[in-house]
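Positions 1 to 282 (UniProt numbering) are the ones given, in order, by the sequence shown.
Below is one structure, written out as structure tokens; the observations come after it.
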Amino acid sequence: MQILRETAKELEMRCPFHDDRHPSFYVSKGTGAWICHAGCGAGSFLELEQRLQTIDLDSSPRARAQTTQPESVDLGLSSLIERGFTPLMLERWGIAYNEDVKAIEIPCYTEANRFLGYIFKNAEGQKPKYRHPEGFPRSEFLFGARKLVEAGLDGAKEVFLVEGPLDAIWLQEAGFQAVAVLGTRLTQGQVDLLYRIRVHRTALCFDNDVPGKMATAVAVELLRSVGGMWVTMVALPERYKDIQEVPFADIPTVVEDRHLCINGRRLIPVGLERWFAHELGR
């Protein structure tokens with residue numbers, strides 16, 4: 001395998017598992033983790049070594065692709081790559097494709113860095129969308145909180161609340177503090193956790209559908225009446241189903257369009273919103 005390009009963190013080369021005319025195979029120099037953007041798979045360096053030993057390196061790449069490409073990988077990590085996630089992003093969050101369960105595995109840690117288990121994301125179109133381990137404490141857990149604490153961002157001026165773990169990753173990778181409630185129901189336990197990591201201002205960015213809007217109204221009431229927090233809501237453009245569909249370059253503009261909430265609705269005049277935003281931003 002010939003290295004075609006080398007950066008500070010990655011090696012780029014042609015994939016040994018398919019006829020790769022446009023190099024799509026990347027290996028992390030730090031961990032040895034690899035991924036093929038064309039859908040041949042991803043994994044650790046040990047897995048790569050074992051997989052290379054099972055193929056005939058003298059055969060054609062096209063023939064090797066037919067015998068080595070996992071059946072469901074195209075519905076696995078490659079689907080995330082197509083949506084804009086990079087190998088380095090996935091590596092930072094420990095995301096991998098689990099061949100045994102044919103699903104993407106997303107590791108979950110508490111804000112105190114205690115491992116809870118994996119959330120499994122099924123292939124697009126399969127139900128349920130996510131599977132949680134038995135006994136998973138969803139009602140007292142916020143995905144992404146550990147990253148905020150590790151980065152010293154607990155106590156941040158504002159934290160975005162989103163539905164799914166990939167939404168939280170997308171926003172954090174774009175430079176915004178975000179955590180996922182893992183569904184459409186914010187719980188009292190999750191509000192308590194926000195207080196423990198010293199969050200007093202939240203921006204709701206749930207999915208742009210009817211359940212998401214209903215969840216927003218319920219969350220606003222809980223955060224304001226029980227949590228006593230300042231709450232704003234992001235107004236996603238209609239063309240986007242969720243924040244993860246917003247291109248990286250457009251995220252700052254999109255999240256800037258948010259307003260103070262009362263019962264999930266824009267009941268504060270725009271002029272006053274601007275004044276509140278200015279005062280809160282001091």
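Backbone N, C-alpha and C define an ideal beta-carbon position, used for all residues, glycine too.
Bear in mind the structure is a predicted one, so any value in this text is a computation, not a measurement.
- Taking a C-beta distance under 8 Å as the contact criterion, R201 and K157 qualify as a contact pair.
- Contact annotation: the segment 227-235 touches the segment 198-218, with at least three C-beta pairs closer than 8 Å.
- Annotation: W93 is outside any beta strand (DSSP E) and is labelled neither H nor E by DSSP.
- Note: E6 is bridge-paired with L11 in the DSSP secondary-structure output.
- Measuring C-alpha to C-alpha distances from P252 to each of A235, C261, S139 identifies A235 as the nearest.
- Put simply, the segment 130-141 touches the segment 186-193. At least three CB pairs are less than 8 Å apart.
- Beta bridge pairing from DSSP links L161 with V179, L204.
- Only residues of its own chain outside the window of five on either side were considered, and among them C108, P133, F136 have a CB closer than 7 Å to the CB of G117, listed in chain order.
- With contact defined as three or more Cβ pairs closer than 8 Å, the segment 167-179 and the segment 236-252 are in contact.
- Per DSSP, the continuous alpha helix (DSSP H) segment holding S78 begins and ends at 77-82.
- Of C40, F45, H18, the smallest CA-CA separation from L11 is found for F45.
- Secondary structure note for G189: its alpha helix (DSSP H) is the uninterrupted segment 188-196.
- Looking from the CA of C261, the closest CA among R224, V246, E238, D242 belongs to R224.
- Counting only residues of its own chain and dropping the five nearest sequence neighbours on each side, K29 has a CB closer than 7 Å to the CB of K9, E10, L11.
- F160 is positioned such that its CB atom lies closer than 8 Å to that of C205.
- Closest in C-alpha terms to R146, from the list Q126, P128, K127, F115, comes F115.
- The Cβ-Cβ distance between W170 and I243 falls below 8 Å.
- Residue burial is scored here from C-beta neighbours: Q172 has at least 16 other C-beta atoms within 10 angstroms and is therefore classed as buried.
- In summary, L4 is exposed, with fewer than 16 beta-carbon neighbours lying within 10 Å of its beta-carbon over all protein chains present.
- Per DSSP, reduced to three states, the secondary structure at F45 is helical.
- Contact between F120 and V101 holds, with the beta-carbon distance rounding to 6 Å and staying under 8 Å.
- Per DSSP, the unbroken beta strand (DSSP E) holding I119 starts and ends at 115-121.
- Within the same chain, E105 come within 6 Å of N98 by CB-CB distance, once the 5 residues on both sides are set aside.
- In this structure, L52 lies away from P87, with their beta-carbon atoms at least 8 Å apart.
- Shown here, V101 sits in coil according to DSSP, grouped into three states, outside any helix or strand.
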